[in-house]
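Number of protein chains: 2
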Amino acid sequence: MSSSNVISPDSSTAFARLCEAHPALVGIERAVDVIPGMRRDLILHAGPPIDWNRMASAMRAAICGGLVFEGLAGTIEEAETLAASGKIEFAPAHDHAAAGAMAGVITASMPVFVAEEKNSGLRAHVSVNEGLGKALRFGANGPDVLERLRWIRDDFFPLMQRALEISGPINLKQAIAEALRRGDEVHNRNKSATSQFFRDIAPAFVATHAPYDQIEKALRFIGGNDHFFLSLSIAHAKAVSLYVEQCGVGDLVTVMAGNGVEVGIRVASLGNQWFTGPANVADVKFFDGHGAEEATPTMGDSYITESIGLGAFALAAAPAISAFIGGTVDQLIARSERMREITMGEHTEFRIPALGYKGVPSGIDVRKVVSSGISPLINTGIASRIPGVGQIGAGMQEVPMACFTAALSALDARA
Amino acid sequence: MSSSNVISPDSSTAFARLCEAHPALVGIERAVDVIPGMRRDLILHAGPPIDWNRMASAMRAAICGGLVFEGLAGTIEEAETLAASGKIEFAPAHDHAAAGAMAGVITASMPVFVAEEKNSGLRAHVSVNEGLGKALRFGANGPDVLERLRWIRDDFFPLMQRALEISGPINLKQAIAEALRRGDEVHNRNKSATSQFFRDIAPAFVATHAPYDQIEKALRFIGGNDHFFLSLSIAHAKAVSLYVEQCGVGDLVTVMAGNGVEVGIRVASLGNQWFTGPANVADVKFFDGHGAEEATPTMGDSYITESIGLGAFALAAAPAISAFIGGTVDQLIARSERMREITMGEHTEFRIPALGYKGVPSGIDVRKVVSSGISPLINTGIASRIPGVGQIGAGMQEVPMACFTAALSALDARA
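In order, the protein sequences belong to chains Y and X. Under our numbering, the first residue of the first sequence carries the number 8, and numbering increases by one thereafter. Under our numbering, the first residue of the second sequence carries the number 8, and numbering increases by one thereafter.
Here it is, written out as structure tokens:
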């Protein structure tokens with residue numbers, strides 16, 4: 008038996024943690040109040056570390072929007088000057104127990120959902136999903152985008168905070184297990200998870216006794232965005248990942264993320280080290296009027312959902328996603344099911360009814376990826392390179408093999 | 008080619024109507040104000056016509072509860088005397104453009120959802136789902152059951168009415184098509200449809216500016232019942248059925264319903280005639296502590312959902328229902344897919360992603376049922392024979408072949 012088929016006791020330990028991790032949504036707080044190391048002059052971004060001058064245009068645009076939003080710059084032009092001045096620090100959200108979709112920009116005063124893993128008390132922090140189209144996470148930074156971010160911070164946040172106090176913790180593990188029974192893969196398709204979350208939280212919004220129009224607007228904001236739950240799915244997966252990383256052993260991938268220039272992964276036994284490869288543009292489904300030449304390469308922290316066995320790993324649970332990301336249902340499921348060749352096993356609680364309740368393939372094993380030559384798949388949204396445009400497509404792509412060969416070298420060097 | 012494989016032009020006309028029918032939820036009204044022929048001394052029930060003295064115990068118990076609810080009797084005992092006196096008329100809900108789950112009892116002051124078919128303006132009327140367990144539709148008639156019915160009438164109804172005025176019509180055809188993409192078969196599994204309906208209507212409840220506690224209670228009532236949407240699925244299917252019946256031609260089944268003693272069907276070209284066979288107890292999954300000896304035979308109007316291709320005909324859309332009704336996923340889907348042998352074709356808009364977007368088998372052809380010997384399947388809930396107990400199981404069963412042979416005789420006699 009080759010080494011790639013032997014699962015080490017350490018990796019089994021890490022995989023057991025992945026399955027037993029149990030995150031709940033416990034609140035929403037200002038980033039600066041809860042994210043470790045957060046400061047006003049620190050901006051978190053998606054993917055592995057990257058300097059301002061190497062960043063993708065969509066990420067730079069999102070950061071400039073964030074600087075104006077924070078009042079650190081008066082205009083987008085001033086923000087560009089400030090960002091390049093060295094007075095602002097940039098760091099991966101993943102290095103601060105946080106994560107963000109697409110550009111993944113989190114600034115000090117943004118509210119972030121807090122997911123707590125209940126065995127460990129470890130907490131993950133993720134910003135509120137703004138909706139599709141023109142949104143900061145896609146690099147849009149116009150007045151309407153900033154105005155919505157201010158509304159989220161000044162009006163939505165306190166109301167959501169009181170609603171969550173009234174509702175008490177929301178069991179995210181159970182919510183995701185149920186969403187898999189309702190046609191979501193809980194990365195690019197969150198329709199059912201969003202509807203159920205809405206159903207769980209709406210009575211608590213009413214119980215805040217806030218002015219009717221404020222409650223109604225907040226509910227319409229959540230209900231109007233089929234991807235609202237994505238923030239919570241990311242927060243859940245990041246909390247799982249923190250719990251796996253805490254054990255400090257095993258060859259399991261704990262993070263996959265892109266910054267639009269490079270894709271990076273992390274491994275359970277290798278701490279916060281990033282192993283990177285070049286980001287690329289996938290063969291995805293572009294919205295009408297857009298194409299690959301306009302696309303930002305792989306960007307975002309939301310691939311943390313694939314890291315635990317959801318998203319592209321769970322497409323058999325979500326056949327209707329084919330309308331959004333392209334391909335036939337059979338093709339999508341066949342590609343997704345190949346992930347069983349590079350994973351440690353079936354997740355014990357995330358199951359797919361259509362496969363006779365088989366668990367999703369979970370626990371990406373660095374050694375299996377390299378020996379099989381099969382890269383993990385990720386579902387992704389595509390941001391335009393042109394600042395202000397927003398999302399221009401969605402689809403499935405592969406994480407660069409270079410990430411895994413680099414990680415394997417580090418594992419072997421240590422052995 | 009045998010006659011059973013030839014689809015007549017008349018049947019094609021009826022089937023086209025089945026697919027093009029387009030019901031929307033347009034409101035909620037008191038039964039006596041909108042149901043044709045409704046009076047205070049008329050009680051509607053599920054299934055084909057039946058006299059009081061032949062009724063199943065669960066239906067009698069539900070009727071007695073209804074008489075007390077209407078103030079026509081002071082106690083259940085008085086209600087039994089009144090019901091047997093000849094002073095109260097009983098009629099199938101289906102004969103009054105209405106339908107009800109299980110016992111299907113509708114009395115004059117009960118609020119009913121109104122679904123309007125938009126090509127014709129035809130309207131169907133269905134009472135509000137009370138929740139699982141002890142409920143009037145299962146023959147429970149204790150003080151708690153009647154108290155909840157009063158709350159539904161006196162508090163929930165006016166609030167829901169205002170909310171629907173604010174929201175405007177809700178497209179039920181689209182809601183059901185989407186629910187099939189979210190793991191519901193929209194008869195015994197309505198979790199996703201209920202969540203989405205909740206998401207659609209909750210902001211309108213807030214916009215009524217009714218007292219907060221009333222809104223919160225109403226939302227918790229809807230949100231607390233995974234089967235809430237069943238009423239709307241029945242209303243949708245009944246409106247479709249009315250539109251098919253209006254064309255007056257074809258060998259398509261338009262109604263299948265049971266009263267706990269007999270099961271009856273109706274056929275597009277044969278108007279309001281019922282063709283019946285004996286109701287029986289299916290091999291279903293009983294809740295702990297209950298068994299077949301306690302079960303009421305086939306009862307309810309909700310099989311109108313199977314009549315248009317949902318429920319047991321659409322199990323491939325809802326593999327997770329196996330946990331509720333028993334059987335393996337593969338077995339359930341194989342049984343469901345056999346319905347293609349007795350139907351006119353695929354529904355043009357109700358599609359199943361997991362089958363590569365194939366339409367559900369739809370338009371039950373009386374001639375195909377008889378020539379193939381395959382009876383239509385129905386998903387069902389099981390009411391206890393013991394008044395007050397409520398639901399004791401759920402599962403799948405067959406409609407008696409006698410209904411179809413009787414209908415075929417009538418079709419042939421007319422030809």
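Beta carbons are placed, not taken as given, at the ideal position from N, Cα and C, and that holds for glycine. Values in this document were obtained by computation on a predicted structure and should not be read as measured data.
Going by Cα to Cα distance, which pick from Val268/Y, Ala289/Y and Asn287/Y is closest to Arg67/Y? Val268/Y
Any chance the region 197 to 211 of chain Y sits against the region 262 to 276 of chain Y, with 3 or more Cβ pairs inside 8 Å? no
Tell whether a beta-carbon distance below 9 Å holds between Val119/Y and Phe163/Y. no
Out of Gly231/X, Ala23/X, Ile95/X and Lys125/X, which one is the CA nearest neighbour of Lys425/X? In the structure as shown, chain X begins at 8 and stops at 422. Residue 425/X is therefore absent and cannot be evaluated.
Does DSSP put Leu317/X in a helix, a strand or coil? coil
Helix, strand or coil: which one does DSSP assign to Gln338/X? In this structure, Gln338/X counts as helix in the three-state DSSP scheme.
Would you check if the region 375 to 382 of chain X and the region 339 to 349 of chain X touch, i.e. whether three or more CB-CB distances between them fall below 8 Å? In this structure the region 339 to 349 of chain X touches the region 375 to 382 of chain X; the number of beta carbon pairs closer than 8 Å is three or more.
Assign Gln338/X to buried or exposed, taking buried as 16 or more other Cβ atoms, counted over all protein chains shown, within 10 Å of its Cβ. exposed
Is it buried or exposed, Thr82/X, if we count other Cβ atoms within 10 angstroms and call 16 or more buried? exposed
Going by DSSP, which residues form a beta bridge with Leu259/Y? Asp372/Y
Sorted by chain position, which residues of the same chain lie with C-beta nearer than 6 Å to Met167/X's C-beta, five sequence neighbours on each side aside? Ile35
Is the beta carbon of Gly54/Y sitting closer than 9 Å to the one on Pro99/Y? yes
Rounded to whole angstroms, how far is the Cβ of Ala182/X from the Cβ of Asp308/X, which I believe are closer than 8 Å? About 20 Å; that fails the 8 Å criterion.
Spatial neighbours of Lys365/Y within its chain, please: CB distance less than 7 Å, with the 5 preceding and 5 following residues excluded, ordered by chain position. Glu353, Arg358 and Ile359
Which value, in whole angstroms, describes the spacing of the CA atoms of Gly73/X and Gly271/X? 23 Å
For a cutoff of 9 Å on Cβ pairs, would you count Pro326/X as touching chain Y? yes
Spell out the partners DSSP gives Ser391/Y in its beta bridges. Ala302/Y
Give me the chain X residues within the contact set of His216/Y, using Cβ-Cβ distance strictly less than 7 Å, ordered along the chain. Under the 7 Å cutoff, chain X gives Tyr219.
What are the uninterrupted segments assigned as alpha helix (DSSP H) that are 4 or more residues long and contained completely in the region 68 to 96 of chain X, given in chain order? 83 to 91
List the whole-angstrom C-beta distance separating Cys410/Y from Gly284/Y, where the pair is believed to meet the contact cut-off of C-beta under 8 Å. That belief holds up - the Cβ atoms of Cys410/Y and Gly284/Y are roughly 5 Å apart, short of 8 Å.
Using a Cβ-Cβ cutoff of less than 8 Å, which residues in the same chain neighbour Glu405/X once the five nearest sequence positions on both sides are dropped? Ala289, Ser382, Pro383, Leu384 and Ile385
For Ser199/X, go through chain Y and note every residue whose CB falls closer than 8 Å to its CB, in chain order. Result: Arg189, Gly190, Ser199 and Ser202.
Would you mind listing the alpha helix (DSSP H) stretches within the region 158 to 243 of chain X that are 4+ residues and don't spill past its ends, in chain order? Correct list: 164 to 174, 179 to 187, 198 to 214 and 219 to 230.
I need the DSSP call for Asn60/Y, collapsed to helix, strand or coil. Helix, per DSSP.
CB contact flag (Ala104/X, Ala131/X, <9 Å): In this structure, Ala131/X lies closer than 9 Å to Ala104/X by Cβ.
To the nearest angstrom, report how far apart Asn148/X and Ala31/X are at their CA atoms. 32 Å
Would you decide whether Lys245/X is buried or exposed? Buried here means 16 or more other CB atoms lie within 10 Å of its CB. Residue burial is scored here from C-beta neighbours: Lys245/X has at least 16 other C-beta atoms within 10 angstroms and is therefore classed as buried.
If you measure beta-carbon to beta-carbon, which residues of the region 156 to 172 of chain Y are closer than 9 Å to chain X? Answer set for the region 156 to 172 of chain Y: empty.
Collapsed DSSP secondary structure at Glu123/X in the structure displayed: strand
Comparing alpha-carbon positions, which option in Ala341/Y, Gly316/Y, Gly402/Y and Ile389/Y lies nearest Phe22/Y? Selected option, being the one with the closest Cα: Gly316/Y.
Any residues in the region 330 to 357 of chain Y with a beta carbon nearer than 7 Å to a beta carbon of chain X? Which ones, in chain order? For the region 330 to 357 of chain Y, which is checked against every Cβ of chain X, the residues closer than 7 Å are Thr335, Val336 and Asp337.
Less than 9 Å between CB atoms is the rule here; does Pro210/X satisfy it with respect to chain Y? yes
What does a CB cutoff of less than 7 Å around Arg160/X pick up in its chain, not counting 5 residues either side in sequence? Counting only residues of its own chain and dropping the five nearest sequence neighbours on each side, Arg160/X has a CB closer than 7 Å to the CB of Ser116, Met117 and Pro118.
Residues bridged to Asn148/Y [DSSP beta-bridge criterion]: Answer is none; Asn148/Y lacks a bridge partner.
Any 3 or more C-beta pairs closer than 8 Å across the region 90 to 97 of chain X and the region 208 to 217 of chain X: no
Where do the N-terminal and C-terminal ends of the alpha helix (DSSP H) with Ser498/X fall, by residue? Within the shown structure, residues of chain X are numbered from 8 to 422, placing residue 498/X beyond reach of any answer.
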